[in-house]
Amino acid sequence: MDRFEPNLRIPGPTGLPPTVREAGARQMINHRGPEFAAMLARILDGVKPFFGTTSDVAMITTAGTGGLEAAVVNTLSPGDQVLGVSIGSFGDRFAKIARTYGAEVTKIEVEWGQAADPAVVREELQRSPGTRAVLLTHNETSTGVMNPIPELAAVIREVAPGALILVDSVSGLGAVPFEMDAWGVDVVVTGSQKAWMAAPGLAMIAASDRAWTAMETATMPRVYLDLRAHRESHAAGQTPFTPAIAVVYQGRRRDPADGRRGCGSHLRPPRGVRRGITGRAHSPRLRPLRRPTPCLQDGHCRGRPRRSRLEDLQRRAQATWPGARRWPRQADRQDLPARPPRLGHPRGDPTVR
Ligand SMILES: Cc1ncc(COP(=O)(O)O)c(C=O)c1O
């Protein structure tokens with residue numbers, strides 16, 4: 163890496179290896195031609211093991227949030243009862259999308275820094291027997307906490323067998339194993355700029371057979387995000403609208419389907435990244451507040467470091483610390499600085515060819 167380049171220590175986008183950047187710099191091709199069709203097929207088939215599904219996956223040119231919106235509008239109807247389990251700002255966002263499109267959203271608001279408790283989800287579902295969908299965040303990037311999706315899904319399946327389980331795994335998938343089919347999850351969303359180590363611009367969304375069926379009767383409005391149109395077009399080797407071709411080149415280059423390294427070998431972050439986070443970059447005053455999630459090499463500041471120290475870190479490592487607001491719901495935590503400064507790096511390196 164060029165020493166003058168940004169040394170990103172933010173939870174996405176990830177810095178790109180030279181081969182991936184070069185792949186993105188290629189001349190455009192006809193996205194309705196055979197070369198594009200081959201790339202698309204390879205990506206869509208290649209990501210399935212990472213979702214842990216044999217169902218169809220759709221690839222949409224959009225940020226991760228567009229993928230979350232697609233999950234909601236394709237499977238739900240205005241007036242549907244939805245349980246939003248929020249453990250941080252991305253859980254709040256998922257619930258807000260559902261509410262904006264007319265769902266009746268009840269929220270479980272977990273204290274930031276904690277994972278969702280399956281027992282609490284069970285109680286809430288028992289109180290609301292008509293729940294149509296539950297929204298979960300896999301890896302909550304804003305707090306660096308990962309939810310126990312298999313346990314949560316098992317409780318939902320038991321108490322509300324008819325409810326759809328929609329999971330935001332924008333920053334989780336590709337970094338840690340996921341077994342969508344085995345866990346009974348219905349929709350999973352991920353984004354190209356996280357563990358996939360490509361530029362931002364693509365969301366990949368897997369839907370179970372149950373979710374694909376639900377799309378036939380769901381009535382929330384959708385045009386660009388209509389997953390049925392994407393699936394139909396993918397079957398013909400295309401996307402319904404002009405895709406982010408440069409990111410597709412990069413995705414193809416980082417295609418995790420390469421069997422030589424095997425599923426799981428991508429789960430460890432490159433050694434340099436690991437050392438950078440856990441070693442030199444953490445001064446005694448800047449150390450992990452808790453055990454970091456396996457998806458993010460992430461450290462929060464425990465004390466109140468000098469501003470000059472933070473500025474130095476930002477300059478050297480492009481660390482982020484999100485301004486002067488306290489974490490919502492933690493206003494009483496006097497031991498935390500305004501909001502904990504954070505050094506982070508999405509883990510994962512899906513396949514190197
Ligand atoms: C867990 C999670 N969900 C959703 C998003 C939103 O993704 P985007 O910024 O690409 O819309 C992010 C982005 O950091 C995220 O980490």
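So that you can map any letter, position 244 of the sequence shown is 406 in this note's numbering, and since no number is skipped, the others follow by simple counting. No residue lacks a Cβ here, since even glycine has one placed at the ideal position from N, Cα and C. Note that the coordinates shown come from a computational prediction; the quantities given were computed from them, not determined experimentally.
*Could you check the C-alpha separation between residue 500 and residue 302 for me, to the nearest Å?*
Since pLDDT at residue 500 reaches only 46, below the 50 mark, its modelled position is unreliable, and no value is offered.
*Would you check if there are 3 or more beta carbon pairs closer than 8 Å linking the region 319-326 to the region 336-343?*
no
*Give, in chain order, every unbroken run of the beta strand (DSSP E) that is at least 3 residues long and sits entirely within the region 314-341.*
326-330
_With H, G and I counted as helix, E and B as strand and the rest as coil, what does DSSP make of residue 245?_
strand
*Should residue 208 go down as buried or exposed, given a rule of 16 or more other Cβ atoms within 10 Å for buried?*
buried
*So what's residue 271 in DSSP terms, helix, strand or just coil?*
strand
*Output the residue ranges of the beta strand (DSSP E) runs that lie fully inside the region 168-196 and measure 3 residues or longer, sorted by chain position.*
none
*Give the secondary structure of residue 266 by DSSP, where H, G and I count as helix, E and B as strand, and everything else as coil.*
strand
*asked:* Taking the beta strand (DSSP E) that residue 365 belongs to, which residues open and close that run?
replied: 364-369
*Based on Cα-Cα distance, which residue from 374, 244 and 308 lies nearest to residue 394?*
374
_For residue 353, report the span of its beta strand (DSSP E) as first-last._
349-353
*asked:* Quick check: what's the CA-CA separation for residue 262 versus residue 272?
replied: 21 Å
*Report the option in 387, 346, 352 and 404 whose CA atom is closest to the CA atom of residue 206.*
352
*asked:* Going by C-alpha to C-alpha distance, which of 313, 300, 298 and 268 sits closest to residue 292?
replied: 268
*Relative to ligand 1, is the shortest distance from any of its heavy atoms to the C-beta of residue 230 smaller than 7 Å?*
yes
_Nearest-angstrom Cβ-Cβ length linking residue 396 and residue 222, presumed shorter than 8 Å_ = The pair is not a contact, with the Cβ atoms about 10 Å apart (cut-off 8 Å).
*Can you tell which of 224, 298 and 308 has the C-alpha that lies nearest to the C-alpha of residue 315?*
298
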